[in-house]
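Chemist: Taken in order, these protein sequences are the chains called V and R. Read left to right, the first sequence gives residues 7 to 410 (the numbering used here). Read left to right, the second sequence gives residues 1444 to 1729 (the numbering used here).
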Amino acid sequence: MKTKSILVSVSLIIGSLLFPGSSPTERNEVLAENINPKQNFDCKMFLADADSSKEKVQSKKENTPVPIGVCLPLTGPVASYGERARKGMELAIADLQNQGKTPIRLIFEDDQGKTPVAVSVTQHLIDRDKAPVVVGSAASSQTMAMASIGNRREVVIFSPIASSPELSTKGGDYFFRVAPSDTAQASVMANWLKELGIKKIAVLYFANTWGQSLFEAIGKDLGSFGGMIVASDGIQEGQTDFRTQIEKFKGSQAEAFYVITHGKEGGNFVKQAEQLQVKVPIFGGDVWSSPEFVEVGGKAAEGCRLVAPAKLAGAKYEHFASEYAARYKEQPEVYAAYSYDTIMVLSQAVQSGAATGKAIRNYLLDMPSYQGVSGDIRFDKHGDKIGGGFDRYIIKEGKLQVVK
Amino acid sequence: MQLVFNTLIAASAIVLAALSFRLVYVTARFFHFAHALTISIGGYAAWSFFNYCAANPYWAFLSAVILTGAAGTLSFMVFLRPLMTKGASPLVLLLASLAIHLIFQHTIALIFGEDARSVWSLEQMPVYSFAGGHLTVVQCWLIAFAVGVSVLMGCSASFSIFGKQQAAVAEHSELSTIFGIDVLSVQMKVFLIASAVGGGLGALVGMDLSISPGMGFDWLLPGVVALLVGGIYRIRYVVLASVMLASVRTAVIWYLGSMWQDIFIYSVLFLYLFLRPEILVGDEMQ
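1) Along chain V, which residues have their Cβ under 9 Å away from the Cβ of residue 1579 of chain R?
2) Touching or not, the stretch 217 to 230 of chain V and the stretch 185 to 193 of chain V, by the rule of three or more beta carbon pairs under 8 Å?
3) Mind listing the chain R neighbours of residue 217 of chain V? Cutoff is C-beta to C-beta under 7 Å, in chain order.
4) Chain V partners of residue 1552 of chain R, CB-CB under 7 Å?
5) Mind pulling the alpha helix (DSSP H) runs of 4 or more residues that sit fully within the stretch 87 to 163 of chain V?
6) Round the Cβ separation of residue 1536 of chain R and residue 1526 of chain R to the nearest angstrom and send it over; I've been treating them as touching at under 8 Å.
7) Return the first residue and the last residue of the alpha helix (DSSP H) that residue 1625 of chain R is part of.
8) Just to make sure I have the definition right: I need the residues of chain R whose C-beta is within less than 7 Å of the C-beta of residue 266 of chain V. Which are they?
9) Please classify residue 1615 of chain R: does DSSP put it in a helix, a strand, or coil?
10) Less than 7 Å between CB atoms is the rule here; does residue 1558 of chain R satisfy it with respect to chain V?
11) Give the residues from the stretch 1687 to 1701 of chain R that approach chain V closer than 7 Å (Cβ to any Cβ), ordered along the chain.
12) Just verifying my parser: in three-state terms, what is the DSSP assignment at residue 254 of chain V?
13) Rounding to the nearest angstrom, what Cα-Cα distance links residue 1587 of chain R and residue 1468 of chain R in this structure?
14) Which residues in chain R have a C-beta closer than 9 Å to the C-beta of residue 239 of chain V? List them in chain order.
15) Give me the Cα-Cα distance between residue 338 of chain V and residue 255 of chain V, rounded to the nearest whole angstrom.
16) What distance in whole Å lies between the Cβ atoms of residue 265 of chain V and residue 290 of chain V, which are believed to be in contact at a cut-off of 8 Å?
17) Taking the alpha helix (DSSP H) that residue 209 of chain V falls in, what are its first and last residues?
18) Apart from the five residues just before and just after residue 211 of chain V, which ones in its own chain have a Cβ nearer than 6 Å to its Cβ?
19) Rounded to whole angstroms, how far is the Cβ of residue 184 of chain V from the Cβ of residue 141 of chain V, which I believe are closer than 8 Å?
20) Quick one: does residue 1455 of chain R have its CB under 7 Å from some CB of chain V?
21) Leaving out five residues on either side along the sequence, give the residues of the same chain with a beta carbon under 7 Å from the beta carbon of residue 1533 of chain R.
22) From V:352, V:341, V:314, pick the residue whose C-alpha is nearest to that of residue 327 of chain V; which is it?
23) For a test of the three-state rule: what should DSSP assign to residue 1561 of chain R, helix, strand or coil?
24) Which residues of the stretch 1639 to 1665 of chain R have a Cβ closer than 7 Å to any Cβ of chain V? Give them in chain order.
25) If you run the structure through DSSP and keep just helix, strand and coil, what is residue 1474 of chain R?
26) Taking only beta carbons into account, state which residues of the stretch 1496 to 1511 of chain R come closer than 8 Å to chain V, listed in chain order.
27) Decide yes or no for the touch test of the stretch 1676 to 1683 of chain R against the stretch 1588 to 1606 of chain R: beta carbon pairs closer than 8 Å, at least 3 of them.
28) Just to confirm, are residue 1691 of chain R and residue 1707 of chain R a CB contact at a threshold of 7 Å?
29) What does the alpha-carbon distance come out to for the pair residue 1709 of chain R and residue 1715 of chain R?
30) Could you give the residue range of the alpha helix (DSSP H) that holds residue 363 of chain V?
31) Between which residues of its own chain and residue 1640 of chain R is the CB-CB distance below 7 Å, once the five residues before and five after are set aside?
32) What is the DSSP secondary structure of residue 231 of chain V, reduced to helix, strand or coil?
33) Mind the definition here: the stretch 142 to 158 of chain V touches the stretch 317 to 325 of chain V only if three or more C-beta pairs lie below 8 Å; say whether that holds.
34) Can you tell me the Cα-Cα spacing of residue 1642 of chain R and residue 85 of chain V, whole angstroms?
35) Given a cut-off of 7 Å, decide if residue 399 of chain V and residue 282 of chain V are closer than it, judged by their beta-carbon atoms.
36) Name the chain V residues that come within less than 7 Å of residue 1570 of chain R, Cβ to Cβ?
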């Protein structure tokens, strides 16, 4: 009996750790609403005056902020992206409050960087919180899974970070994003390789939605000017030992390596490439712009090149950057700016009267151009942001420098 | 030649994971998943000593080994010993061990963050070249550590009094007590040594590659596979199985691609479980 009770207790502990629930520590509601004294008064009047009760209930509904679900990797291997996105969104809510606007409230949930958790969390946000929009996720694999739910349930899935080209065609009618698609990233990378006279490359890529689609896109773009991929290998996230792959690539006579991984794997790759005395230039995906890449790669990251979202500028961005730095004591990077704009655009949609997924979707497709901190925002029929591009960067002294 | 070095490096890591896990399993008779924590703790301890105490790599490694050994012994006394005293079944101990692993893995993430970190910068690390292959000094330590641990554990099991006491406790703890063996002392020493070896692996892996909160399980799992393939009771067969698995891994990556490596490694495990053990490793299961 004692053994059984211990077994049950231990199982409950493991279950609560493994499966996300609506524990108070995970759910983090950011309420963009002020307490309205009139509401309290209305509650008392409701009891006294039945005739005006309907109007008052209606008034109360109109004052209630629309719940916006947010599904981000706040823990796990890509938590740094989720955290930056969360900070950008919370700053947006604070700015809306300062302007006296309270149309939405954010409900944060952690998908831990795992697709099954992202699916479960999205369904909770739709069923439990009645969210007409779910913002997220960061990784394209999780976002793709969320998009399929959004399309079935007529709920907008709005990603501030996911960039896989596959999302444009398979994301469905209810998918939107402000981050530029990797189709543009592959094109910029291919042009860069062409300018450097590099025709043969070896590619190491994550065998997930993002990595696979970027790998296919670069292969196509390279082929258009006579280049080719002479060696390639798809890997799983979390892998750290690339010595055999590097040795294989060295033997393929590749003129450059292109590594489509996260910062941790990329840092380990360049470190091992330097140990094995690889002499060819190494290029990386946009995710190498994370501090993790330089932290893990160290000196080996110097001179590595990558293509990442274009450096933001302009008065609006400068104002956003100074607010962000004052609040969080660090400089923002591009995904925080995209996340800020995501919330602002959704707030605008709700203020225009859209409160359901369908209405918000229709607004986003027809909306006038919105001047965000990341630039001009409008969407095409695939839900992709029109315009917005990528820049070329090189790592110098541990920092990203734009390459003209 | 580089492929030979790659295989040796991978085999060394697998051997260390397998032998340290084996020590706990043979004595305590349950799958101690929390042993993966010793690898993570060793890595983060080395990082902390390197960054906060300005220790050189040698002292960072030694300190990580000692600290992890102590932490492992403490966790045995606080969490597992009470359950074992109450007669908990191996399943209960396995679940408790899994819970401990998850709790402390998330605690490490809370304290240090989720991002990966590097322990030792490449520019400070000597690299040796030999016959077209390259080895860093940390990789040499890893291989030497694995060889040293294998030899010491093998000799201890066969010739030392502690080895015989450990075998007795593993066989029958009540009978060992009757014959005057301090079972608690033997168990504590086992956890101390196993955790120290795990911590050493974590420190070396951290110095060679990087550390992250979930690294422990990633490095432990191939060791468990090697242990199952090589057999629980013969250290030399565990070492051979580790070398075999590392060779399979390197060959598969070279000829087929990275995505096939886990398929082949776990197929090897399945084959072993499917065929009679005598076909692969002899009749040591007594």
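Just so you know, even glycine gets a beta-carbon here, dropped at the ideal spot from N, CA and C. Quick caveat: nothing in here was measured; it's all calculated off a predicted structure.
Modeler: On the basis of the data shown:
1) 281
2) yes
3) Under the 7 Å cutoff, chain R gives no residues; its nearest Cβ is about 12 Å from residue 217 of chain V.
4) 81
5) 121 to 133, 146 to 159
6) 6 Å
7) Unbroken run through residue 1625 of chain R: none, as it is neither H nor E.
8) Near residue 266 of chain V there are no residues of chain R at all, since even the closest Cβ is about 13 Å away, more than 7 Å.
9) coil
10) It does: the Cβ of residue 1558 of chain R has a partner Cβ on chain V nearer than 7 Å.
11) 1693, 1696, 1697, 1700, 1701
12) helix
13) 24 Å
14) 1696, 1700, 1701, 1702
15) Cα-Cα distance, rounded: 36 Å.
16) 5 Å
17) Not the alpha helix (DSSP H): residue 209 of chain V falls in the beta strand (DSSP E), residues 206 to 212.
18) Excluding sequence neighbours, residue 211 of chain V sits near 217, 221, 240, 266.
19) Actually they are not in contact, since the Cβ atoms of residue 184 of chain V and residue 141 of chain V sit about 10 Å apart, beyond 8 Å.
20) no
21) Here the set comprises 1472, 1473.
22) Checked all of V:352, V:341, V:314; the closest Cα to residue 327 of chain V is V:341.
23) Coil.
24) Taking a C-beta cut-off of 7 Å against chain V, the contacting residues of the stretch 1639 to 1665 of chain R are 1652, 1653, 1655, 1661, listed in chain order.
25) coil
26) Hits within the stretch: zero.
27) yes
28) yes
29) Within the model, the alpha-carbon separation for residue 1709 of chain R versus residue 1715 of chain R is close to 10 Å.
30) From DSSP, the alpha helix (DSSP H) with residue 363 of chain V extends over 363 to 372.
31) 1459, 1462, 1463, 1592
32) coil
33) The stretch 142 to 158 of chain V vs the stretch 317 to 325 of chain V: no contact.
34) Roughly 26 Å between the two C-alpha positions.
35) no
36) 281
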